[in-house]
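A.B. asks: Protein chains in written order, with the numbering used here: chain W, 137 to 581; chain B, -5 to 235. For reference, the structure I am asking about is given below.
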Amino acid sequence: MLWGCSLAVQREVRGAGMERMGDTNRADRTGDGLLQLAVRRLWGSRWLLSGGVAGVVVASSVAGSALYIAPAIVVVLLAIAAFAPTSERSLPLPGAGPAEAMSLRDLSGEYLAAAVADPLIIFDRYGSVIHANAAAMAAFGNLAPGLSLPLKFRAPEMQVLIEAVLSGTAAVETAEYIEKLPVERAYRVSASPVGHGTELYVLVFKDQSETRRIDRMRADFIANASHELRTPLASIAGFIETLRGPARKDPAAQEQFLQIMQNQTGRMARLIDDLLSLSRLEMRPYLAPGSRVDIRQVVGSVIDSLGPLAKENGIVVEKNFIEGPLEVAGDRDELFQVFENLMENACKYGQSGGRVVVSIDRGASGPEPSVDVTIRDFGPGIAEEHIPRITERFYRVDVDASRSQKGTGLGLSIVKHILTRHSARLSIKSELGQGAAFTVHLPAK
Amino acid sequence: MQSVHIVSAYDEELKYLTKRIAAMGGHAERMVEQAISALVNADPDLAQKVIKDDVVLDEGQREIDEKAIVIIARRQPMATDLREIIGAIRISADLERIGDLGKNVAKRVVAVTQERQSNSLFRGIEALANLALQQLKDVLDVYASRNIDSIGFVRDRDEQIDAMYTSLFRELLTYMMEDPRNITPCTHLLFCAKNIERIGDHATNIAETIYHIVTGDQMPAERPKEDKTDRVVLPVHQPAK
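Pasting the structure below:
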């Protein structure tokens, strides 16, 4: 009885073993390799085998029939153990690629998160950060593992969102999240659990800033432009009236009025240029990553390009640059505009000082090392109460002086915008009668 | 952040406190933001919403106070835990005050915007508010991360806020002297500016509390005083006859 059963099983197993052997042969194994494999397998399963052999011997002696069969069965057992491929013990084949080795199930969540371009944060059921991808780090700063999300994203709608997904009342939740400072950004955030029973959750942020910004830009542009353009327009309209009326027969007055009108139209054109460049900057509050510029070269070319203006105003520009590499992360054209605006101001408003000193230095005053560019003039200086305000749009220390210098009231506002994008700071030191120093602190990274 | 206690319910209670503080902080930030936006965009409906929302912060403060007292009575906390709990009481009081100040700005919206005012009046207020809000945001971020190494920014920005406030004070006085019709809106704006400056001060207080929670020491004492409005006078011009 017992004997017949075990034989049948052994035949089946042997059949399977022969088939698998065929498989391995097809896989172009050399004879040597096969032998080595067999030895390794036998050694690996030595305990099971010895048990099996003992079992066969005992069984056949109990059955007491056909003694010669026992050695044959032992041989068959050994052969199966040597060649039947066992999944858990099989070694990776030399030719097999990594794609086979790593299935989707084993894919690291970290790699997957890194491949997502949107900010993505994985958190546990206490709301603590497990992992934040690079985009999230770039958007929200340091999200160290263990940081509590409800403490970081305090906006009421985010609190509701995180609470809802953690309590399991909803599978997928979305919310609008708007960050006003330091630059306005709007996201559509969705929160959902990861898989089943993993107790992990994920927040994905979809950037919606651009659409919002286009709306805002239109509103802002109209508000600013209508207000600031109305003044020159009113003056032009007034002069046209005078030219057609009282001054119709007075060529000297006509010439004078036409000159004023030309100045006014020039001012309007500059204003539109500045408003447009400010709006463009607001459209893209982030800097294209990865671009680097040599500050020395940028500042140098600004000084060259403003040479005529400096000469016209009787200004001598002195350079005071330190040695060594001075590369910073930044956009060349934008930084050019920063230094151009600052230099232009120094030449115009610091005219009475007769000289402007441009220096580049390494700074350590801030929280991190920086490259500091200082543009110092020796003009009348800026009164203390104006210093905190001069980067506001259309804020003018002296309206008449600004108008006569063809200022639009937007130059420093543009500077501040660009520097915010570069995570840089602008510090202003001035005293009445002592001139003014504008220092740009660019992070040296 | 916190050490682990044998009684895990205790940890839960402490965590609950910090979470409530963060939620209150979020509300306070939102209220101030909306109050300013109501003021700048002349939006009385939004102002009404802000005034109503203040209840949330009052409620939050009451709840944190009660919770904190219960924890002290039941667990008899020591050292860090005690500082954490006392800190929560103090921070929630500061946040509640910030809410009140935001509400006060919102209340003035109707008076200021009854007649269309020039944009330039609001630009300064907006810039001041941005500084104060950034201060509040950064301070609450430090509460989340407990990374007090970077807390030096608080002093710098406090200085900037005070300088900006002084400058704004001067500007508003000038407008009032230029045209008596400006006096009503400018007086209200002066109070708004004062409120915003106070919001910055409360944020600085919170930073000091956080420093105390984490280190057990007081924040280094030098506290710059840039608010010079107590000395601002404008020369009086006799109107030409």
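The C-beta atom is built at its ideal place from N, Cα and C for all residues, glycine as well.
Quick check on the burial criterion: 16 or more other C-beta atoms within 10 angstroms. Buried or exposed for H553(W)?
C.D. replies: Indexing the first sequence from 1 puts residue 553(W) at position 417. H553(W) comes out buried.
A.B. asks: Using a Cβ-Cβ cutoff of less than 7 Å, which residues in the same chain neighbour Q570(W) once the five nearest sequence positions on both sides are dropped?
C.D. replies: In the first sequence, residue 570(W) corresponds to position 434, counting from 1. Correct list, in chain order: G517.
A.B. asks: Is E480(W) helix, strand or coil by DSSP?
C.D. replies: The sequence position of residue 480(W) within the first sequence is 344, counting from 1. Note: E480(W) maps to helix in three-state DSSP.
A.B. asks: Counting C-beta neighbours from all protein chains within 10 Å, is the total for D156(B) 16 or more, i.e. buried, or is it exposed?
C.D. replies: Your numbering for residue 156(B) matches position 162 in the second sequence. Answer is buried; the Cβ neighbour count reaches 16.
A.B. asks: How about L115(B) and P174(B): do their beta carbons lie closer than 8 Å?
C.D. replies: Reading the second sequence from its first residue, position 121 is the one you call residue 115(B). Reading the second sequence from its first residue, position 180 is the one you call residue 174(B). Against a cut-off of 8 Å, the Cβ pair of P174(B) and L115(B) comes out as no contact.
A.B. asks: Tell me whether the beta-carbon of D150(B) lies closer than 8 Å to the beta-carbon of G93(B).
C.D. replies: Position 156 of the second sequence, counted from the start, is the residue given in the question as residue 150(B). Position 99 of the second sequence, counted from the start, is the residue given in the question as residue 93(B). Taking 8 Å as the Cβ cut-off, D150(B) and G93(B) do not qualify as a contacting pair.
A.B. asks: Indicate whether L11(B) and I79(B) have their beta-carbon atoms separated by less than 8 Å.
C.D. replies: Residue 11(B) sits at position 17 when you count from the first residue of the second sequence. Residue 79(B) sits at position 85 when you count from the first residue of the second sequence. In this structure, I79(B) lies closer than 8 Å to L11(B) by Cβ.
A.B. asks: To the nearest angstrom, report how far apart Y262(W) and Y4(B) are at their CA atoms.
C.D. replies: Translated into the one-based positions of the first sequence, residue 262(W) becomes position 126. Translated into the one-based positions of the second sequence, residue 4(B) becomes position 10. Between Y262(W) and Y4(B), the C-alpha separation is close to 15 Å.
A.B. asks: Out of curiosity, what's the CA-to-CA distance linking S371(W) and M397(W)?
C.D. replies: Residue 371(W) sits at position 235 when you count from the first residue of the first sequence. Residue 397(W) sits at position 261 when you count from the first residue of the first sequence. Cα-Cα distance, rounded: 8 Å.
A.B. asks: Is it the case that the Cβ atoms of Y337(W) and L302(W) are separated by a distance below 8 Å?
C.D. replies: Start at 1 with the first residue of the first sequence, and residue 337(W) comes out as number 201. Start at 1 with the first residue of the first sequence, and residue 302(W) comes out as number 166. Yes, the pair counts as a contact, with Cβ atoms nearer than the cut-off.
A.B. asks: Just checking: is the beta-carbon of H363(W) within a distance shorter than 8 Å of some beta-carbon in chain B?
C.D. replies: Start at 1 with the first residue of the first sequence, and residue 363(W) comes out as number 227. So yes, H363(W) belongs to the interface.
A.B. asks: So is N481(W) buried or exposed if we call it buried at 16+ other beta carbons inside 10 Å?
C.D. replies: Counted from its first residue, the first sequence places residue 481(W) at position 345. It counts as buried.
A.B. asks: Name the one or two DSSP bridge partners that G499(W) has.
C.D. replies: Indexing the first sequence from 1 puts residue 499(W) at position 363. G499(W) is bridged to S506(W).
A.B. asks: Quick check: what's the CA-CA separation for L568(W) versus F375(W)?
C.D. replies: Translated into positions along the first sequence, residue 568(W) becomes position 432. Translated into positions along the first sequence, residue 375(W) becomes position 239. Using only the alpha carbons, I get a separation of about 37 Å.
A.B. asks: For A201(B) versus V148(B), is the C-beta distance shorter than 8 Å?
C.D. replies: What you label residue 201(B) is simply residue 207 of the second sequence in a count that begins at 1. What you label residue 148(B) is simply residue 154 of the second sequence in a count that begins at 1. Yes, they are a contact pair.
A.B. asks: Measure the C-alpha to C-alpha separation of V227(B) and A537(W) and round it to an integer number of angstroms.
C.D. replies: Residue numbering aside, residue 227(B) sits at position 233 when the second sequence is read from its first letter. Residue numbering aside, residue 537(W) sits at position 401 when the first sequence is read from its first letter. So the alpha carbons of these two residues sit roughly 24 Å apart.
A.B. asks: Counting along the chain, where does the alpha helix (DSSP H) carrying K552(W) start and finish?
C.D. replies: Position 416 of the first sequence, counted from the start, is the residue given in the question as residue 552(W). Where K552(W) is concerned, the enclosing alpha helix (DSSP H) stretches over 547 to 557.
A.B. asks: Nearest CA to the CA of K188(B): which residue from S161(B), I58(B), A16(B), V136(B)?
C.D. replies: Taking the second sequence and counting its residues from 1, the one referred to as residue 188(B) is at position 194. Comparing Cα positions, the closest option is S161(B).
A.B. asks: Helix, strand or coil: how does DSSP classify I193(B) here?
C.D. replies: By one-based count along the second sequence, residue 193(B) stands at place 199. Of the three classes helix, strand and coil, the one that applies to I193(B) here is helix, per DSSP.
A.B. asks: By the 10 Å Cβ neighbour count, where 16 or more other Cβ atoms means buried, how is G194(B) classified, buried or exposed?
C.D. replies: Locating residue 194(B) in the second sequence gives position 200, where the first residue counts as 1. The residue in question, G194(B), is buried, as its Cβ has 16 or more Cβ neighbours within 10 Å.
A.B. asks: Could you tell me how far apart the beta carbons of H491(W) and E459(W) are, in whole angstroms, since I believe they sit closer than 8 Å?
C.D. replies: By one-based count along the first sequence, residue 491(W) stands at place 355. By one-based count along the first sequence, residue 459(W) stands at place 323. According to the sequence shown, residue 491(W) is Arg rather than His. 23 Å between Cβ atoms; not a contact.
A.B. asks: Give every residue of the same chain whose Cβ lies closer than 7 Å to the Cβ of G233(W), excluding the five residues on either side of it in the sequence, and list them in chain order.
C.D. replies: The residue labelled residue 233(W) in the question sits at position 97 within the first sequence. Residue placement at G233(W) is flagged as unreliable, the pLDDT there being 48, under the threshold of 50; a coordinate-derived value is accordingly withheld.
A.B. asks: With distances taken from CA atoms, which of G19(B), K46(B), E27(B), I65(B) is nearest E6(B)?
C.D. replies: Start at 1 with the first residue of the second sequence, and residue 6(B) comes out as number 12. Minimum Cα distance to E6(B) is reached at I65(B).
A.B. asks: So with CB distances below 8 Å, who are the chain C contacts of S86(B)?
C.D. replies: Reference to chain C is not applicable here, since the protein chains of this structure are W and B.
A.B. asks: If you compare alpha carbons, which of L167(B), G146(B), I142(B) is closest to G210(B)?
C.D. replies: As a working mapping, residue 210(B) is identified with position 216 in the second sequence. Nearest of L167(B), G146(B), I142(B) to G210(B), Cα basis: I142(B).
A.B. asks: Pull up the distance between the alpha-carbon of I511(W) and that of D497(W), whole angstroms please.
C.D. replies: Taking the first residue of the first sequence as 1, we reach residue 511(W) at position 375. Taking the first residue of the first sequence as 1, we reach residue 497(W) at position 361. The alpha-carbon atoms of I511(W) and D497(W) are separated by roughly 11 Å.
A.B. asks: Let me confirm a value: R162(W) is counted as buried when at least 16 other C-beta atoms fall within 10 Å, else exposed. Which label applies?
C.D. replies: Sequence index remark: in the first sequence, residue 162(W) carries index 26 (1-based). Its pLDDT being 45, under 50, R162(W) is placed unreliably in this model, and the coordinates cannot settle the point.
A.B. asks: Under the DSSP definition of a beta bridge, which residues are partnered with I45(B)?
C.D. replies: By one-based count along the second sequence, residue 45(B) stands at place 51. Note: I45(B) sits in no beta bridge, so no partner.
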